[in-house]
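Visitor: In our numbering, the protein residues as written are 708 to 942.
Quick reminder that beta carbons are idealized off the backbone N, C-alpha and C, glycines included.
Every value quoted in this text rests on a predicted model; they were computed, and no experiment measured them.
(1) Starting from the N-terminal side, write out each stretch of the alpha helix (DSSP H) that is 4 residues or longer and does not extend beyond the region 826-879.
(2) So, with DSSP's three-state summary, where would you put residue 719?
(3) Compare the Cα-Cα distances from residue 853 to each of 871, 816, 786, 844 and report the closest residue.
(4) Just the C-alpha distance for residue 847 and residue 926, rounded to the nearest angstrom, thanks.
(5) Name the two residues that bound the continuous alpha helix (DSSP H) containing residue 749.
(6) Give me, in chain order, the residues of the same chain whose beta-carbon lies closer than 8 Å to that of residue 736; leave out the 5 immediate sequence neighbours on both sides.
(7) In angstroms, rounded to a whole number, what distance separates the CA positions of residue 866 and residue 829?
(8) Give the single residue among 934, 804, 787, 837 whose Cα lies nearest to the Cα of residue 882.
(9) Looking at the strands, I want to know which residues DSSP matches up with residue 796.
(10) Can you tell me the Cα-Cα spacing of residue 942 and residue 893, whole angstroms?
(11) One question on the structure: do residue 765 and residue 839 come within less than 8 Å of each other, judged by their Cβ atoms?
(12) Can you give me the Cβ contacts of residue 717 inside the same chain, cut-off strictly under 6 Å, excluding the 5 residues immediately before and after it?
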């Protein structure tokens, strides 16, 4: 399983049993340290751009600057048809520099996921930070149940499935399903920026009663704690 975060380090990834990946986004999320030239990078336009429109030239510059391994193709939040139109327009451009990933909007209806497979698209992403009708931080089980149904269809058929910004509780529910995906030959990854806030009261106490980190070292501590909790699967 591959975990992507702006501050991901090989040491944290090894400790938590995941493969490291760096996340960069058009909305300004960047790594705080120099990248290892061998590091895999995921580029994403971010939720705001998906909702209001993407600066394609700026996004392509971001992809080139960080030599992204994978790049989420420009998408339209909550609109699968609109996202497909953007895919046909921009995926060939993205593919010149990175492996393009299609965001399967409205995947809980299943038809979009089926259509993506029928089109021969092998790299897909499921939005897990927010759905059009619900924020996944408030309804993690609902979002996880929707994703689980999509994974039942995609695993073993898609080459790579990525979860975009899953809430900690949603990811914990999905970990067993993701492990099964890997056994079926599908590459699995997820990204997070949620560790910029302490994930539990124990970690908060370690920060001296604060929820937010003050420096890069504390951010790494929170990332490690977030992954420890997120990968501890629960039914």
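Guide: From the atom records:
(1) For the region 826-879, the full-length alpha helix (DSSP H) segments reaching 4 residues or more read 847-861 along the chain.
(2) When DSSP states are grouped into helix, strand and coil, residue 719 belongs to the helix group.
(3) Answer by Cα proximity: 816.
(4) Cα to Cα, residue 847 sits roughly 23 Å from residue 926.
(5) If you look at residue 749, you'll find it isn't in any alpha helix (DSSP H); it sits in the beta strand (DSSP E) that goes 747-751.
(6) Excluding sequence positions up to five before and after residue 736, its CB lies within less than 8 Å of the CB of 713, 730, 753, 900, all in the same chain and listed in chain order.
(7) Cα-Cα distance, rounded: 5 Å.
(8) Nearest to residue 882 by alpha-carbon distance, out of 934, 804, 787, 837, is 934.
(9) According to DSSP, which records beta bridges pairwise, residue 796 is partnered with nothing at all.
(10) With a pLDDT of 48 at residue 942, under the threshold of 50, the modelled position of this residue cannot be trusted; read the value that follows with caution. C-alpha separation (whole angstroms): 22 Å.
(11) No; because the gap between Cβ atoms is not below 8 Å, this pair is not in contact.
(12) Taken in chain order, the residues that qualify are 727.
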